[in-house]
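Here the structure comes first, spelled out in structure tokens, and everything after it is commentary.
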Amino acid sequence: MSYNLLKGKRGIIFGALDENSIAWKTAERVHAEGGTFVLTNAPVAMRMGQIKVLANKTGSEVIPADATSQEDLENLVSKSVEILGGKLDFVLHSIGMSINVRKGRHYTDENYDFTTKGWDISSLSFHRVMQSLYKADAMNEWGSIVALTYMAAQRTFPDYNDMADNKAYLESVARSFGYFFGKEKKVRVNTISQSPTATTAGSGVKGFDGFISYAEKMSPLGNATAQDCADYTVSLFSDLTRKVTMQNLFHDGGFSNTGVSQEVIERFSE
Ligand SMILES: NC(=O)c1ccc[n+]([C@@H]2O[C@H](COP(=O)([O-])OP(=O)(O)OC[C@H]3O[C@@H](n4cnc5c(N)ncnc54)[C@H](O)[C@@H]3O)[C@@H](O)[C@H]2O)c1
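For the sequence shown, numbering that gives the first Met the number 0 gives the first residue as 0, with consecutive numbering after it.
If you want it as structure tokens, here you go:
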């Protein structure tokens, strides 16, 4: 179903690695709603080649950018405005990576070089992206910027490791930059706190299978899928949510406000 919600709108979508990526599903949905965009990912992710498939499908150009490189981001912003033929209306930051998780380092045994690198990729990059857009005055009034986050920023999930801290920082950046982007440019900035989702980044979390099925049983509506997240993001890019800004929006089938569910009680009454 398509409602032409993004007709005439232009943007940048970060983080489509493969067809499971939340950014991939979002790009397809934005395309279906009439939006045009540039796709971007880290140069190393380009080698896997799949993003070209998505680019062909959605009639988009791909510009590689390492989200930790100011130079890459400035180039991405100026080229995108040029390619798309005007200022931007939406940006999706869908980037996350913990080197400690990847290398199997426990939270109580962090390698701080890994911590710093993971924070740079997962959190500071959101500030970098917004500062690049802000300084280039690349966003149209009533534009919308969204980043993806997880509830480990508020509540402890032991195996989420240093990504919990990275997400807390990311959500804070959304509020802080959201103030200035709102005041000066009438642009909104929000984070979507998404259910666990089977993607490359998601499956990197230890015990992910148990984690995702527990969340499923705890959520009255069940887990939100990547496709559901794409739909929600489109609503935040549309003109129907113009006064929503500086929010962390839970998109999790009700998980975040559920103390316990009947299914979980039954499991422990066996
Ligand atoms: N999958 C989940 O369970 C889940 C839940 C809540 C939030 N999220 C968040 O959703 C976002 C998207 O993740 P996903 O689950 O779709 O997984 P994904 O692995 O498909 O996407 C992560 C992306 O980050 C990109 N990336 C890594 N380093 C980069 C760099 N230096 N520069 C630019 N891009 C870089 C990767 O290439 C990849 O495309 C992340 O922020 C993630 O933390 C995921």
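Every residue gets a Cβ at the ideal spot worked out from N, C-alpha and C, and that includes glycine. The structure displayed is predicted, hence computed values, not measured ones.
Problem - Inter-residue spacing [alpha-carbon to alpha-carbon] between lysine 56 and serine 171 - result: 35 Å
Exercise for the section: Can you tell me which of the three DSSP states aspartate 88 falls into? Expected result: Strand at aspartate 88.
Practice task
Let me know if glutamine 69 comes out buried or exposed under the rule of 16 or more other beta-carbons within 10 Å of its beta-carbon.
Solution key: exposed
Problem - Whole-angstrom C-beta distance between isoleucine 98 and glycine 84, which should lie under 8 Å - result: With 8 Å as the limit, glycine 84 and isoleucine 98 do not qualify as a contact, their Cβ atoms being about 38 Å apart.
Problem - Local conformation of methionine 47 per DSSP, three classes - result: Methionine 47 falls in the coil class under three-state DSSP.
Problem - Contiguous beta strand (DSSP E) assignments of at least 3 residues, all confined to the stretch 117-191 - result: 138-148
Problem - As assigned by DSSP and simplified to three states, the class of glycine 10 - result: strand
Practice task
Please report the residue range of the beta strand (DSSP E) in which phenylalanine 207 lies.
Solution key: Segment 207-217 is the alpha helix (DSSP H) holding phenylalanine 207; no beta strand (DSSP E) there.
Problem - Pick from Thr232, Ala225, Lys205 and Arg241 that is closest to arginine 101, judged by C-alpha positions - result: Each of Thr232, Ala225, Lys205 and Arg241 was checked against the Cα of arginine 101, and the nearest Cα belongs to Lys205.
Handout entry: Cβ contact check for the stretch 60-76 and the stretch 121-140: 3 or more pairs under 8 Å
Key = Contact holds: three or more Cβ-Cβ distances are below 8 Å.
Exercise for the section: Check each candidate in Pro219, Leu220 and Ala197 and name the one with the smallest Cα separation from phenylalanine 210. Expected result: Here the closest residue by C-alpha is Ala197.
Problem - Beta-carbon proximity check, phenylalanine 36 vs serine 20, cutoff 8 Å - result: no
Exercise for the section: Mark serine 237 as exposed unless 16 or more other C-beta atoms lie within 10 angstroms of its C-beta, in which case mark it buried. Expected result: buried
Handout entry: Three-way DSSP call (helix, strand, coil) for leucine 248 in this model
Key = Leucine 248 falls in the strand class under three-state DSSP.
Exercise for the section: Please classify valine 29: does DSSP put it in a helix, a strand, or coil? Expected result: When secondary structure is reduced to three states using DSSP, valine 29 falls in the helix class.
Exercise for the section: Tell me whether the beta-carbon of valine 43 lies closer than 8 Å to the beta-carbon of leucine 5. Expected result: For the 8 Å CB-CB criterion, valine 43 and leucine 5 do not form a contact.
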